[in-house]
Amino acid sequence: MKTGNLQAPVKYVANYNPRYLYEGQEECAMRTMKEYHIHAIPIVDDQHVLKRVVFIEKYEQEHGAFDRQIPVVIMAGGLGTRLSPFTSILPKPLIPIGDYPMVEHIINRFCTYGCREFYMIVNYKRNMIKAYFDELDKAYSLDFIAEEKLLGTGGGISLLKGKIKDTFVLTNCDILIEDDLEKAYKQHIQSGNLITMICSLKNFIIPYGVVNVGENGVIESIKEKPDLTFFTNTGCYFVEPEVIENLKYNEPVDFPAVIEKFLWEGKQVGIYPVGEEAWLDMGQPDELERMKARLGVN
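Just remember that the working numbering sits 1043 ahead of the position in the sequence shown, which is counted from 1.
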């Protein structure tokens, strides 16, 4: 169901004849998911009782390259205050995840799609970031765009006016998307979106009873521990160059505010949904540790 109420009963979207594998057939999971173009497959016992679910994100995905060279813009100018005290020593892009800093993981992932043109918007501890990459033997070009003041997640890309002439990727420096972004790119182009936001579907249970109150303090309804489902912005987008040219040069603005402006003007902005497990975010210390665990690094 591409549109509709996310709170609707599951019976309206359930697959009553799903593909599945028996215990002991897990080695067939990846092949089966690719064959039937599905992202997860249940593992059942001989009584067809569900034992676990295998997700395609758990495997190293194979994907094609983008059909043209797409520039990648990495927003790395923030102070990283949510990761303090780590960021008192290192800028957020250089916080290590295993053998490589976070931002190098991002670049390496996009290189698998054929990307070779990278721009990094830097501010806080930018000389340290530049020094790290100057020492690398790189198979890609990397231009640093220096902010002289904090410009937010949208204002920084105004410094790229005249440099990018085609569709580009815009990404935060603290997230990884473990999904096939070639499909997201194709959807972006086919839909004619000005911006396509990569969104993760999230489920959240409020651990309290929620009370709706009407006039004069009269209780209208009570819902005990409601389960909410919603799409969350991952901080990764496919963007058309028109967006850069419409920004005011060197003026602070956050990218969500840029999106809201275009929506108000009637421009087409869409989403590409990915699973909750496909979005890795290291924005806070506990999330950083979860990311390390997911990537199997110390």
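Backbone N, C-alpha and C fix where the C-beta goes; we use that ideal spot for every residue, glycine too.
Simplified DSSP assignment, three categories, for residue i
| i | result |
| --- | --- |
| K1204 | coil |
| D1186 | strand |
| L1237 | coil |
| K1304 | helix |
| R1111 | coil |
| C1216 | coil |
| P1085 | strand |
| G1260 | helix |
| E1103 | Model confidence at E1103 stands at a pLDDT of 48, short of 50, so the residue's coordinates are unreliable; what they give is reported in the following sentence. Looking at E1103 - three-state DSSP - the assignment turns out to be coil, as it is neither helix nor strand. |
| K1245 | strand |
| K1266 | strand |
Unbroken alpha helix (DSSP H) run spanning residue i, endpoints
| i | result |
| --- | --- |
| G1198 | G1195 to G1198 |
| F1176 | R1169 to D1177 |
| N1289 | E1285 to N1289 |
Buried or exposed (CB count within 10 angstroms, at least 16 for buried), residue i
| i | result |
| --- | --- |
| D1246 | Looking at the sequence shown, residue 1246 is not Asp but Asn. Exposed, since its Cβ has fewer than 16 Cβ neighbours within 10 Å. |
| T1239 | buried |
| F1273 | exposed |
| G1278 | buried |
| I1138 | buried |
| D1124 | Residue 1124 is actually Thr in this sequence, not Asp. Exposed is the call here. |
| V1092 | exposed |
| L1202 | buried |
| Y1315 | buried |
| G1243 | The sequence shown places Ser at residue 1243, rather than the Gly named in the question. Buried: at least 16 other Cβ atoms inside 10 Å. |
| N1061 | It is Pro, not Asn, that sits at residue 1061 in the sequence shown. Classification for P1061: exposed. |
| R1074 | exposed |
| V1286 | buried |
| R1111 | exposed |
| P1269 | exposed |
Run of the beta strand (DSSP E) containing residue i, from where it starts to where it stops
| i | result |
| --- | --- |
| Y1315 | V1312 to V1317 |
| V1097 | L1093 to F1098 |
| N1276 | D1270 to V1282 |
| M1163 | E1160 to V1165 |
| D1209 | Note, D1209: premise wrong, no beta strand (DSSP E); not H, not E. |
| D1324 | W1322 to D1324 |
Closer than 8 Å: residue i CB and nearest the ligand FMN heavy atom
| i | result |
| --- | --- |
| P1136 | For the ligand FMN, the structure offers nothing, since it holds no ligand at all. |
Task: Validate contact between the region 1276-1294 and the region 1199-1217 using beta carbons, cut 8 Å, 3 pairs - done: yes
TODO: Please go through the region 1117-1154 and give each complete beta strand (DSSP E) segment of 3 or more residues, from N-terminal end onward.
DONE: none
TODO: Please determine if the region 1145-1162 and the region 1185-1193 are in contact, where contact requires at least 3 C-beta pairs separated by less than 8 Å.
DONE: yes
TODO: Please determine if the region 1192-1209 and the region 1219-1237 are in contact, where contact requires at least 3 C-beta pairs separated by less than 8 Å.
DONE: no
Open item on the list: I want to know whether the region 1301-1308 touches the region 1082-1098 - three or more CB-CB distances under 8 Å.
Closed with: no
TODO: Give a yes or no on contact between the region 1163-1179 and the region 1111-1121, applying the rule of three or more CB pairs nearer than 8 Å.
DONE: yes
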